[in-house]
Amino acid sequence: AFTGETGTTPAKAVERLRLETARTAVETSSASLDRIAAATGFGDPGRMRRAFMRGFGQPPQALRRSARR
Numbered sequence: 243a244f245t246g247e248t249g250t251t252p253a254k255a256v257e258r259l260r261l262e263t264a265r266t267a268v269e270t271s272s273a274s275l276d277r278i279a280a281a282t283g284f285g286d287p288g289r290m291r292r293a294f295m296r297g298f299g300q301p302p303q304a305l306r307r308s309a310r311r
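Sequential numbering from 243 applies to the sequence shown in the working numbering.
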């Protein structure tokens, strides 16, 4: 089964892919966080922010600031 092969659940694997896609967009594009959240399947910036906190330990705004330095 998926979990046995990958060590994670399908839902967590999908969220990880969304997070990585959103992270790249946050770091490299000037699109709004609203637009990035919608485009990557989070639906709204609040959900994306919570996922970033779980996955990266910081909100998307902080990642964007550090990427621009």
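All C-beta atoms, glycine included, are put in the ideal place defined by N, C-alpha and C. Computed from a predicted structure; not experimentally measured.
Please classify residue i: is it buried, with 16 or more other beta-carbons within 10 angstroms of its beta-carbon, or exposed?
i: Ala279; result: buried
i: Thr282; result: buried
Going by Cα to Cα distance, which pick from the options is closest to residue i?
i: Asp286; options: Thr266, Ala243, Arg292, Asp276; result: Asp276
i: Arg306; options: Ala267, Glu247, Glu262, Glu257; result: Ala267
Between the alpha carbons of residue i and residue j, how many angstroms are there, rounded?
i: Ala243; j: Phe284; result: 26 Å
i: Pro302; j: Leu261; result: 10 Å
i: Gly288; j: Gly246; result: 32 Å
i: Phe294; j: Glu257; result: 10 Å
My guess is that residue i and residue j are in contact by the Cβ rule of under 8 Å, so how many angstroms apart are they, rounded?
i: Met290; j: Ala309; result: That belief does not hold up - the Cβ atoms of Met290 and Ala309 are roughly 16 Å apart, past 8 Å.
Below 8 Å, can you find three or more Cβ-Cβ pairs linking the region 270-281 to the region 245-260?
-> no
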